[in-house]
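Heads up, the thing below is written out as structure tokens.
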Amino acid sequence: METVLKVVGVTKKYNNGRGIFDINLDVRRGDIFGFLGPNGAGKTTAMKIMTGLMSADSGDVEIFGHSITKEFEKAMRKVGCIIETAESYTYLSAYENLKLFSRFYDDVDNNRIDEVLELTGILKYKKEKVKNFSLGMKQRLGIAAAILSRPELVILDEPLNGLDVQGMIEIRKLIKLLAETEKTTFFISSHLIHDVELTCDRIGILYNGRLVNVDSKENILKNYASLENYYVSEVGKNGNI
Amino acid sequence: MGTFKAAVINEIIKIYKKKKVIVAVIISLFAIVMGQLMVTVVNTGFGLRAVSGTQFPILVLSLFSRTILPFFTTLVVIDVFSGEFSHNTMKITMTRPITRIKLFTAKVSAVAFFVLVNLIIVMLLSMLAGILFNSDSITEMGVFRVLLAYIVTLIPVVAFALIIVFLANIFKSGTTVFFISVIIFIAFNAITIAFPRYSSLFITSMFDWHSLWNVNTFQISKILREFFIILGCAIMFYTAGYYLFDKRDL
Chain A
265 METVLKVVGV TKKYNNGRGI FDINLDVRRG DIFGFLGPNG AGKTTAMKIM TGLMSADSGD
325 VEIFGHSITK EFEKAMRKVG CIIETAESYT YLSAYENLKL FSRFYDDVDN NRIDEVLELT
385 GILKYKKEKV KNFSLGMKQR LGIAAAILSR PELVILDEPL NGLDVQGMIE IRKLIKLLAE
445 TEKTTFFISS HLIHDVELTC DRIGILYNGR LVNVDSKENI LKNYASLENY YVSEVGKNGN
505 I
Chain B
1019 MGTFKAAVIN EIIKIYKKKK VIVAVIISLF AIVMGQLMVT VVNTGFGLRA VSGTQFPILV
1079 LSLFSRTILP FFTTLVVIDV FSGEFSHNTM KITMTRPITR IKLFTAKVSA VAFFVLVNLI
1139 IVMLLSMLAG ILFNSDSITE MGVFRVLLAY IVTLIPVVAF ALIIVFLANI FKSGTTVFFI
1199 SVIIFIAFNA ITIAFPRYSS LFITSMFDWH SLWNVNTFQI SKILREFFII LGCAIMFYTA
1259 GYYLFDKRDL
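Protein sequences, first through last, are from chains A and B. Residue 265 is where the first sequence starts when you use my numbering, and the numbers rise one by one after that. Residue 1019 is where the second sequence starts when you use my numbering, and the numbers rise one by one after that.
Listed below in structure tokens is the structure:
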């Protein structure tokens, strides 16, 4: 199976001594990869490095075989992402925001913009300025922006933040649908074990900046009653729970 | 569409949507109207011809390029750089398939386009005012000189904008960038007045570069000298600004 995201020896250390250390992982096409870890584990740092928002002290990231540092445009052409928070231009409407993003891609037209707004449940708000949106609506717009270009890899940092129960269910369904029908690969970070268990099929645990383990959900649940038990066990081996 | 072209269009749309262009045009229009009223009062009240129809736009340019234009250019640069960093919206474009050099250049190009549009609008409005109130003194050569004067003013103003871009990539706060820009602007002007021998080293003294073009005989050597000083300044601050932009972690 093709490796779409390859992280090799990535290390980033902040002045306060925290960061991520020697992260190595492969994500294969069609995976819904869950990046699980507590607050401050380094999930967002890793994702920022993967998407070029931050430079690593050492190591590299390859997306579809293209290095983020040397071939950024080629690497990011088929990637959609939400990193840290779902941001948009508040003085523009939802439609105008997506129209701005669509210009970077050749195959995104106005119909596609309406399609993603429909998929994320905010089509009826398309002409409203984003400054009037609730947190959940902004999150949905962020997801719409992430999938706008029909990306083959979607990197989502805490995508269910701010969503109501219905919204969480819808977005989970959307992720699974895109993974099944369009073979879209997802790399999702979360600190919510239950969400990861429901959505992802491969799970990596990040703790204190180190990748503790990576395994498939199927294997995990053969040996543990729940993902939470597995998490406690793996993190406990590192001496902190 | 090429990613660079897409980024330039997006940046121009964002600048337009933030309404600063409209405010700049309104203030410029007000200044032109007030100026023309004063000229008309002098013309009709004292029987003098203060300025001709084509001199009025040049007079407006001299004032506009030293006050309103640098002020609004500074505000737009702060919006385009510091504003996006502080509102966390810079990452929206940085996670699209566009390199940082293209994105940086697109933002600078959008600022230059803003300056050009401002200059053209003020030129047209002031020429209209000049024609309406003093149409008998309009000549083709005069119109050409006005056009040339406004177009060449773009160059030193963009070089000044690149200094602000550099500052906007050093300081995180847009307010800090604004106040330091004001201090630098005042300081450069003060030094230019106090030490006129060294005035050509400061970009703010080049805002009236158009006066070198508005003559019957061009002083080619002086024009070229000032052009290369402006160019050197622009290259230096473009490079420094890009270096900081590229190294920045979000």
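Note that the Cβ used here is the ideal one computed from N, Cα and C, for glycine as well.
- Around the beta-carbon of B:M1052, fewer than 16 other beta-carbon atoms lie within 10 Å, marking it exposed.
- Three or more pairs of CB atoms, one per stretch, sit closer than 8 Å, so the segment 1249–1263 of chain B contacts the segment 1176–1183 of chain B.
- Interface criterion met: the Cβ of B:I1110 is under 7 Å from a Cβ in chain A.
- Listed along chain B, no residue sits closer than 9 Å to A:M401 by beta-carbon distance, the nearest being about 17 Å off.
- The Cβ-Cβ distance between A:L399 and A:G426 falls below 7 Å.
- A:C345 carries a strand assignment under DSSP once its states are collapsed to helix, strand and coil.
- Counted as a single uninterrupted DSSP element, the stretch harbouring B:V1098 is not any beta strand (DSSP E), since DSSP gives it neither H nor E.
- Cβ contact annotation for A:F336 (same chain, cutoff 6 Å, sequence separation greater than five): G316, in chain order.
- Listed along chain A, no residue sits closer than 9 Å to B:D1097 by beta-carbon distance, the nearest being about 10 Å off.
- Under DSSP, B:I1149 takes part in no beta bridge, so it has no partner.
- Contact between B:I1050 and B:V1078 holds: their C-beta atoms lie close to 6 Å from each other, under 8 Å.
- Inter-residue distance for B:P1115 and B:D1097 is about 22 Å (C-alpha atoms, whole angstroms).
- Measuring C-alpha to C-alpha distances from A:Y353 to each of A:R367, A:L381, A:L456 and A:V394 identifies A:V394 as the nearest.
- Here DSSP, grouped into helix, strand and coil, assigns A:E326 to strand.
- Across the segment 1256–1268 of chain B, CB contacts with chain A closer than 7 Å involve D1267 and L1268, in sequence order along the chain.
- Membership of A:Y488 in any alpha helix (DSSP H) is not indicated, and neither H nor E is assigned to it by DSSP.
- When DSSP states are grouped into helix, strand and coil, A:I296 belongs to the strand group.
- Using a Cβ-Cβ cut-off of 7 Å, A:C464 does not count as an interface residue toward chain B, since no Cβ of chain B sits closer than that to its own.
- Within the same chain, A1177 and I1221 come within 6 Å of B:C1251 by CB-CB distance, once the 5 residues on both sides are set aside.
- Rounded to the nearest whole angstrom, the CA to CA distance from B:S1229 to B:A1167 is 7 Å.
- At a C-beta separation below 7 Å, A:S319 has these neighbours in chain B: D1267.
- Closest in C-alpha terms to A:F299, from the list A:K277, A:K402 and A:K481, comes A:K481.
- Excluding five sequence positions before and after B:L1093, the CB atoms of its chain that fall closer than 8 Å to its own CB belong to K1038 and F1196, given in chain order.
- DSSP links A:L475 through a beta bridge to A:L470.
- Interface flag for B:N1106 against chain A is set, since a Cβ pair is found closer than 7 Å.
- Nearest to B:F1132 by alpha-carbon distance, out of B:L1165, B:I1110, B:K1240 and B:V1175, is B:V1175.
- Contact check for B:I1110 against A:E351 passes: the beta carbons are separated by less than 7 Å.
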